[in-house]
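Protein chains in written order, with the numbering used here: chain A, 1 to 200; chain B, 1 to 200.
Even for Gly, the Cβ is constructed at its ideal location relative to N, Cα and C.
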DNA sequence: ATTCATACTGTAATTATATACAGTATTAAA
DNA sequence: TTTAATACTGTATATAATTACAGTATGAAT
């Protein structure tokens, strides 16, 4: 969604929402009415721009003949290995994108591929994808995604106060991580709200 | 899909496939062409019948203004508790339907809600949904969905021969289930190819 | 300095589409 | 046995929709 102008983004979003709400794409007129255009040609121009940029296909002579070029639909990034220092959603960390799945009662901002065995006692295994929500308030006893000195880790949050944070690996072989947040750089990236595993 | 005639079923299926392939519903003409009708009114009549029976909505004056009332487009059933004796996919066992998710490299025929703790050592917990493929050949060491005397169970298949089958619960507290398939009714419903967990 | 992309207004024509009306034939229900 | 539902053909028309052409204005790129 990068080379789109903000107006084009709006048009594209409108088309998507029309499809998901009504079940079919809008006409030029419907687009124009929604945005207050006085000419259907304004919509036509936008559609051509979206087509040129590869976001939609237009079937000529076909009413509502707009099809979205999938793969940009409602796709949510899967984060693989996180490069030190880079923001979670940085391009370099995105392994692929998969559709928004109704796996969780909460929204999912991204999926994170699990490394290591530190959470096996709660059934989170290496290579599982955990669904992460960025906005839920970080709470005691939730499984959180934390960034400790640029190292991204998944742990259960057992204590959270101004001068003491305890992260627990759910694996008997690991010890609790006790942190003084004033001394160490600690950020919470999100809360784990779901899990996906591929068994091959 | 019960009170529909077979012809109406065909029309309905055609509309569904058009929507999923093209991204928008067909026109009366497109329906007529596909089925070889010589008049668009044949399609119109069918649409009215489908509307009357509650399968679609028709928006008057709107091109391609057909919306499906079923939202089981590419939806895959989630199987909850399985009633004794009933086939897996029997209506009574279907908890809900969710979209086809690209969680697995294999196809998914249905999701099965896990009961009990017999597989916790491989990270399968109570209430998880396991993705089941019915067609993959049952193999040793896969996690299988077996029906033992009408009881549906998820276990690892450790041995499979003509006169001995061993099903292992992946939980130290349970013993292997050793079966003589000639003496006991045993069917394999499928192989576990993935897992979904909602963490709330 | 000029071309190009963006973001529109305004008009208009062709064609795509919905949909009514008038029929015919078959089958199932009252 | 009459009615209603199903499954169409055939014709017709109003209107929905695409889409081209001719403009205007702005800002960014070459």
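Residue 4(A) (DSSP reduced to helix, strand or coil): Annotated three-state conformation of residue 4(A) is coil, per DSSP.
I want to verify the contact list: residues of chain B whose CB lies under 9 angstroms from the CB of residue 157(A), in sequence order. Simply none; closest approach about 13 angstroms.
Which residue comes first and which comes last in the alpha helix (DSSP H) that contains residue 187(A)? From DSSP, residue 187(A) is part of no alpha helix (DSSP H) but of the beta strand (DSSP E) over 186-198.
Backbone CA spacing between residue 64(B) and residue 123(B) [nearest angstrom]: Here the alpha carbon of residue 64(B) sits roughly 47 angstroms from the alpha carbon of residue 123(B).
Closer than 8 angstroms to chain B by CB, residue 40(A): Not one beta carbon of chain B lies nearer than 8 angstroms to the beta carbon of residue 40(A).
DSSP on residue 174(A), reduced to helix/strand/coil? Assignment of residue 174(A) by DSSP, reduced to helix, strand and coil, places it in the coil class.
Rounded to whole angstroms, what's the CA-CA distance from residue 31(B) to residue 38(B)? Just pull it up for me. Approximately 11 angstroms, taken between the alpha carbons.
Quick one, are the C-beta atoms of residue 195(B) and residue 197(A) less than 8 angstroms apart? For residue 195(B) and residue 197(A), yes; Cβs fall inside 8 angstroms.
From residue 11(A) to residue 136(A), what does the alpha carbon distance come to, in whole angstroms? Their Cα atoms are separated by approximately 30 angstroms.
Any C-beta of chain A within less than 9 angstroms: which residues of the segment 16-48 of chain B qualify? Residues 19, 22, 23, 24, 25 and 27.
Could you name the residues of chain A that residue 188(B) contacts, counting a contact when the two beta carbons are closer than 8 angstroms? Chain order gives no chain A residues near residue 188(B), where near means a beta carbon separation below 8 angstroms; the closest approach is about 16 angstroms.
Evaluate contact between the segment 169-186 of chain A and the segment 12-24 of chain B, counting only Cβ atoms and requiring at least three cross-stretch pairs below 8 angstroms. No, because fewer than three Cβ pairs between the segment 169-186 of chain A and the segment 12-24 of chain B fall closer than 8 angstroms, the two stretches do not touch.
With which residues is residue 57(A) paired in a DSSP beta bridge? 67(A).
Between which two residues does the alpha helix (DSSP H) containing residue 34(A) stretch? It spans 28-35 - the alpha helix (DSSP H) in which residue 34(A) sits, taken as one unbroken run.
So what's residue 19(B) in DSSP terms, helix, strand or just coil? DSSP places residue 19(B) in helix when its eight states are reduced to three.
Would you kindly work out how many angstroms separate the C-alpha atoms of residue 154(B) and residue 4(B), rounded to a whole number? Distance from the CA atom of residue 154(B) to the CA atom of residue 4(B), rounded to whole angstroms, is 37 angstroms.
Counting only Cβ pairs nearer than 9 angstroms, list the residues of chain B close to residue 195(A). Those are 123, 128, 195, 196, 197, 198 and 199, listed as they occur along chain B.
Using a Cβ cut-off of 8 angstroms (strictly closer), state whether residue 118(B) contacts chain A. Residue 118(B) does not count as touching chain A.
Alpha-carbon spacing of residue 28(B) relative to residue 48(B), whole angstroms: Distance between the alpha carbons of residue 28(B) and residue 48(B) is about 11 angstroms.
Take residue 171(B) and list the residues in its own chain whose beta-carbon comes closer than 8 angstroms to its own, dropping the five residues that flank it on each side. So the list reads 117, 118, 119, 120 and 121, once near-sequence residues are dropped.
The segment 129-146 of chain B: positions lying closer than 9 angstroms to chain A by Cβ: Under the 9 angstroms Cβ criterion, the segment 129-146 of chain B contributes 129, 130, 131, 142 and 143.
So what does DSSP say about residue 162(A), is it helix, strand or coil? Reduced to three states, the DSSP call for residue 162(A) is coil.
Consider the Cβ of residue 148(A): report whether some Cβ of chain B lies at a distance smaller than 8 angstroms. No, its Cβ sits nowhere closer than 8 angstroms to a Cβ of chain B.
Are residue 193(B) and residue 127(B) touching if we call contact CB-CB under 8 angstroms? At a Cβ-Cβ threshold of 8 angstroms, residue 193(B) and residue 127(B) do not count as neighbours.
Give, in chain order, every residue of the segment 164-177 of chain A whose Cβ lies closer than 7 angstroms to some Cβ of chain B. Of all residues in the segment 164-177 of chain A, none has a Cβ within less than 7 angstroms of some Cβ in chain B.
Alpha carbon to alpha carbon, what distance is there between residue 111(A) and residue 187(B)? Looking at the two C-alpha atoms, the distance is approximately 36 angstroms.
Whose C-alpha, out of 162(A), 150(A), 163(A) and 140(A), is nearest the C-alpha of residue 156(A)? The shortest CA-to-CA distance from residue 156(A) to any of 162(A), 150(A), 163(A) and 140(A) is the one to 140(A).
When the cut-off is 8 angstroms and only beta carbons count, does residue 63(B) lie next to chain A? The beta carbon of residue 63(B) sits closer than 8 angstroms to some beta carbon of chain A.
Cβ closer than 8 angstroms: which chain A residues qualify as neighbours of residue 67(B)? By Cβ distance, chain A contributes 22, 23 and 24.
Quick check: the Cα distance between residue 66(B) and residue 165(B), rounded to an integer number of angstroms? If I take the Cα positions, the gap works out to 52 angstroms.
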